[in-house]
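In what follows, a single structure is set out as structure tokens and then discussed.
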């Protein structure tokens, strides 16, 4: 089964090369930005984190998100950040207009019948 993962990392050590090699071995990868990758993998988020954390130090941070199963796992995330993720992970979001500043247009996001704005 193909699993869509998003991997974020912040490394404070010189282990970036072996770490990047490990990301690339997880499956088909696309670098989105500094420290942020999309990976189409056969590994779960937990399995991927275990592999990647083997290259990390106590000063490094790794977050792996499985987009399909709604799973988020991490290594050495700040306690406050971890708590906020736990509190908000499945919480409904307030709906705000999406604005494109280039053309000054906006699009309202439709709510399901049982949802309300906050």
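Numbering (our numbering), first residue to last: 44 to 161.
Think of the CB as a built atom: it goes at the ideal place given N, C-alpha and C, for glycine as much as any other residue.
Keep in mind it's a predicted model, so treat the numbers as computed, not measured.
Span of the alpha helix (DSSP H), counted from its first residue to its last, around residue i
| i | result |
| --- | --- |
| residue 56 | Counting along the chain, residue 56 falls outside any alpha helix (DSSP H), and DSSP gives it neither H nor E. |
| residue 89 | 88-96 |
Residues bridged to residue i (per DSSP)
| i | result |
| --- | --- |
| residue 118 | 105 |
| residue 47 | 83 |
Residue range of the beta strand (DSSP E) that includes residue i
| i | result |
| --- | --- |
| residue 76 | 70-76 |
| residue 80 | 79-84 |
Simplified DSSP state of residue i, which is helix, strand or coil
| i | result |
| --- | --- |
| residue 113 | coil |
9 Å Cβ cutoff, residue i in contact with chain B
| i | result |
| --- | --- |
| residue 109 | Reference to chain B is not applicable here, since this structure consists of a single protein chain. |
Straight-line Cα distance separating residue j from residue i
| i | j | result |
| --- | --- | --- |
| residue 99 | residue 46 | 23 Å |
| residue 116 | residue 60 | 22 Å |
| residue 108 | residue 56 | 23 Å |
| residue 132 | residue 71 | 26 Å |
| residue 120 | residue 73 | 23 Å |
| residue 154 | residue 126 | Bear in mind that the predicted position of residue 154 carries a pLDDT of just 44, short of 50, making it unreliable; the figure below should be weighed with that in mind. Residue 154 and residue 126: Cα-Cα distance of roughly 27 Å. |
| residue 69 | residue 112 | 17 Å |
| residue 91 | residue 130 | 23 Å |
| residue 94 | residue 65 | 7 Å |
| residue 83 | residue 48 | 6 Å |
Buried/exposed call for residue i, threshold 16 Cβ in 10 Å
| i | result |
| --- | --- |
| residue 105 | buried |
| residue 97 | exposed |
| residue 88 | buried |
| residue 85 | exposed |
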